Amino acid sequence: MSSPSLTPHTESAHLDREFADELAFLRRARRALAWMTEHARMRVATGEQVAGDGYAAEQLGRMLKSHAKELAEEPDSPLYFGRLRFGTGPDAGEHRDQSYHIGRRRITDESGQPLVIDWRAPVSSRFYRASAHDRQGVASRRRFGWTTRHPVELTGFEDERLDHGEDLGVRSRLLTAEIERPRVGPMRDIVATIQPEQDEMVRADLDRSLCVQGGPGTGKTAVGLHRAAYLLYTHRRQLRRHGVLVVGPNRAFLHYISAVLPALGEVDVRQRTLDEVLSERPPTTVDTDEAARVKHDVRMAAVLRRALYAQITEPAESIVVPDGSYRLRISATALARQVVEIRGEDVPYGVGRERLRARIVALLQRQLETRAETPGKTWAQKIGRARPVAAALDHAWPKVRPEELLATLLADPEALARAADGILTADEQKTILWQRPPRSVRSARWSAADHVLLDEIAGLIEPPASHGHIVVDEAQDLSPMQCRVLARRSQHASLTVLGDLAQGTSPWAASDWHEQMAHLGKHDSPVTALTTGFRVPAEVLAFANRLLPGLHVTAPPTRSVRVDGTLRVRQEPDLAVATVATVHAALDRAGSIAVIATDALLATLVTALRAAGVEVDTTQEGHPDRRVTALPAVLAKGLEFDHVIVVEPDDIVRAEPRGLNRLYVVLTRAVSRLDVLHSQPLPELLANVPGTADRTYR
Ligand SMILES: Nc1ncnc2c1ncn2[C@@H]1O[C@H](COP(=O)(O)OP(=O)(O)OP(=O)(O)O)[C@@H](O)[C@H]1O
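Start counting the sequence shown at 1; every next residue gets the next number (UniProt numbering).
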């Protein structure tokens, strides 16, 4: 084929024949999938009977059921999206002269012959990475076009004859159509169009931690989710056991991305906010900004460690344990020696306590053995719990409950001073002390930052179980203490860390990825950049990028592949009236619409929109009948909408210390159109360019 085509029937008889062959193949693949689904159902029905013991039956049953469910829930998407044809050269290796269809799942026929290869299989990487310069044995790459409505039907294909030097890159018409498609509903997978640099991140080895810096819309979230799916496919056993966790900034975001992994067949990945990782109970109080800042500072880790280990006291008395007619005895000095020794072993606090118990028992046991007695395991267990041993242990190395320790520190200035002197200033200590301490630990109210501190103490006592892999999105916003929460949970695992320094809006937002990675426990991980933008049209991005000099971060600029899109900036005397008119006009076109403003202004705008008969979703969970979402600026992170209407940007800037970064986030949510409505002057960096205010860019 000489040129890529999406409309094969009009090109030539040869293309017609190829298209007919593809339709025949599609029918075959559909029949095979129907057979696989039926077969899986039958195995569920009989599985329980064929398995030997009860446990095996349960395991098998569960496995079969989930397989059957996966197949039955096959998303309403095409069975495959691409095809690779290998050449006859030596670089084709074992794939010489072969051709493979590539899809979201593997499909096999009744004889077990693969018809469609999973996009995560090793050979599929060549679909994403082969180029005219580096063909990797591939002669041609075909991308398929499908209808977007149910039932999905094949509409055509686009070929790149790499062996003839054809290589479309981001100029692929199918890629362009996918990127420019009006957005509705939750985020979709990008398996059909993963770009080479994204694929390298997706397929990085499980033992490699990655940090990806990428401007708005460069596909960081997409890369993180596809990487999770890839790792689960490649290391299924290991990761099923330890689990994969995706951490996102808020519920609205998690809701937005929640369909991607199930669409890729992965239903077992936990998706949580950091607060949810910490506790099932939501915070019951809010810190002042100053207190939160101190509590999130990494120095708190040293304060808590010191406070915890200060619980260990030098033994003052010897241990005397009556045993039959004998009295077994360990002197205070011998006990103290053990405590010092164990402290030097640098084990978690809880392990240290149990180790001290074991050493006490061993010393007592040795005394019996000198009398030629060999006490057994039961004796050791009994003596380990005997009152004098327990009392000595509780004195020397007491059991600590995180809530009690933290409550003491926050309620008692002297206790805090002992732990924090030389680490926190007197003012900082005062800032975090409770004004009115609770009557008891049980009635204490804990803030979000307190949950982080409680987790730090709990982790010092007994480290939490490590996940198999953690994907952390919007990681620039994590405080050093929040990073440590995830470091503890990935001690034996790797991390995929995604973020954009320019979009940092928390008071402790990172300014350097290497430092952030160190807080996350992965000191030497490489930091790589994604710089091609797939969401925001070039003109909208250029407008938002004017804010960059005011954000004081060094991050490589993003280049948008999108040349379409509209930007309009208008000064309006009445913002409510202007918003209603803009939303009405936007409703004439396809795609989702978001009105973004500060909380205070948004309430007024929602009232005006509803009074004008517009159905508005304020839940941030995507209401199927409501195309218009009213979104507070603070919740916009990570989301995207076809048409975004930003109202009074200057309010957004003034609402918080990092308001300029917030505005940068808000201005980069639009996929097709951005309207900026303002009554006050625009923020300086947006207004100060001659001729930019009040104009339509396209
Ligand atoms: N290779 C690709 N093919 C098609 N679409 C893509 C590709 N990469 C990213 N996209 C699309 O671009 C949009 C932005 O992607 P994503 O949300 O992952 O970016 P991000 O870097 O996390 O953005 P932000 O930092 O603004 O949250 C999404 O709609 C995504 O599906």
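Beta carbons are placed, not taken as given, at the ideal position from N, Cα and C, and that holds for glycine. As the structure is a computational prediction, the values presented were derived from the model and not from experiment.
Residues of its chain near residue i, where Cβ-Cβ distance is below 6 angstroms and the 5 sequence neighbours each way are ignored
{"i": "L663", "result": "P649, I652, V653"}
{"i": "T505", "result": "R658, N661, R662"}
{"i": "M187", "result": "Y256, I257, V260"}
{"i": "A444", "result": "A407, P438"}
{"i": "G691", "result": "Below a pLDDT of 50, predicted positions are generally treated as unreliable, and G691, at 46, falls in that range; no measurement from the model is reported."}
{"i": "S209", "result": "S494, L495, K522, S525"}
{"i": "I179", "result": "F534"}
Collapsed DSSP secondary structure at residue i in the structure displayed
{"i": "V351", "result": "helix"}
{"i": "Y80", "result": "coil"}
{"i": "D631", "result": "In the sequence as presented, Asp is not what sits at residue 631; that position holds Leu. DSSP places L631 in strand when its eight states are reduced to three."}
{"i": "F543", "result": "helix"}
{"i": "I312", "result": "coil"}
{"i": "D91", "result": "helix"}
{"i": "R305", "result": "helix"}
{"i": "I652", "result": "helix"}
{"i": "S124", "result": "helix"}
{"i": "residue 721", "result": "The structure shown does not extend to residue 721, since the chain spans only 1 to 698, so no value can be given for it."}
{"i": "D464", "result": "The question names Asp, but residue 464 is Pro in the sequence shown. Reduced to three states, the DSSP call for P464 is coil."}
{"i": "V191", "result": "helix"}
{"i": "I179", "result": "helix"}
{"i": "L368", "result": "helix"}
{"i": "S209", "result": "coil"}
{"i": "G215", "result": "coil"}
Residue range of the beta strand (DSSP E) that includes residue i
{"i": "G103", "result": "99-103"}
{"i": "D675", "result": "670-678"}
{"i": "V244", "result": "244-248"}
{"i": "D140", "result": "According to the sequence shown, residue 140 is Ser rather than Asp. Residues 138-146."}
{"i": "H643", "result": "641-647"}
{"i": "E160", "result": "154-161"}
{"i": "H469", "result": "469-472"}
{"i": "L495", "result": "494-499"}
{"i": "L530", "result": "527-530"}
{"i": "L115", "result": "114-118"}
Start and end residues, alpha helix (DSSP H) containing residue i
{"i": "Q571", "result": "Note, Q571: premise wrong, no alpha helix (DSSP H); beta strand (DSSP E) at 566-571."}
{"i": "L274", "result": "274-278"}
{"i": "D455", "result": "448-461"}
{"i": "V519", "result": "Contrary to the premise, residue 519 reads as His rather than Val in this sequence. 513-519 is the extent of the alpha helix (DSSP H) around H519."}
{"i": "D199", "result": "196-202"}
{"i": "H395", "result": "387-396"}
{"i": "V606", "result": "599-611"}
{"i": "P262", "result": "260-263"}
{"i": "L231", "result": "220-234"}
Ligand 1 heavy atom lying under 8 angstroms from the CB of residue i
{"i": "I190", "result": "yes"}
{"i": "Q429", "result": "no"}
{"i": "V123", "result": "no"}
{"i": "I312", "result": "no"}
{"i": "G214", "result": "yes"}
{"i": "E158", "result": "no"}
{"i": "F641", "result": "no"}
{"i": "L601", "result": "no"}
{"i": "I596", "result": "no"}
{"i": "D574", "result": "no"}
{"i": "I194", "result": "yes"}
{"i": "V471", "result": "no"}
{"i": "V628", "result": "no"}
{"i": "D500", "result": "yes"}
{"i": "V165", "result": "Checking the sequence, you will find Gly at residue 165 rather than Val. Answer for G165: no, Cβ out of range of ligand 1."}
Residue i Cβ short of 8 angstroms to ligand 2 heavy atom set
{"i": "F19", "result": "Only ligand 1 can be found as ligands here, which leaves ligand 2 out of the picture."}
Spatial neighbours of residue i in its chain, beta-carbon cut-off 8 angstroms, leaving aside the 5 residues before and after
{"i": "K399", "result": "R353"}
{"i": "R489", "result": "L245, V277, P464, A465, S466, H467, I470"}
{"i": "T460", "result": "Reading off the sequence, residue 460 comes out as Leu, not Thr. For L460, where only same-chain residues beyond five positions count, the Cβ hits under 8 angstroms are L304, R305, L308, P348, Y349."}
Expected contact under 8 angstroms - CB spacing of residue i and residue j to nearest Å
{"i": "I360", "j": "V389", "result": "6 angstroms"}
{"i": "L677", "j": "R589", "result": "About 18 angstroms; that fails the 8 angstroms criterion."}
{"i": "S77", "j": "R104", "result": "7 angstroms"}
{"i": "M42", "j": "I107", "result": "Wrong, their Cβ atoms sit about 18 angstroms apart, outside the cutoff."}
{"i": "A449", "j": "K295", "result": "4 angstroms"}
{"i": "E197", "j": "L530", "result": "7 angstroms"}
{"i": "A510", "j": "L501", "result": "6 angstroms"}
{"i": "H643", "j": "A586", "result": "5 angstroms"}
Residues near residue i in its chain [Cβ-Cβ closer than 7 angstroms; skip 5 each side]
{"i": "P75", "result": "Low confidence applies here, because P75 scores a pLDDT of 49, under 50, leaving its location unreliable; read the following figure in that light. Result list for P75: A263, in chain order."}
{"i": "E317", "result": "A332"}
{"i": "G89", "result": "G137"}
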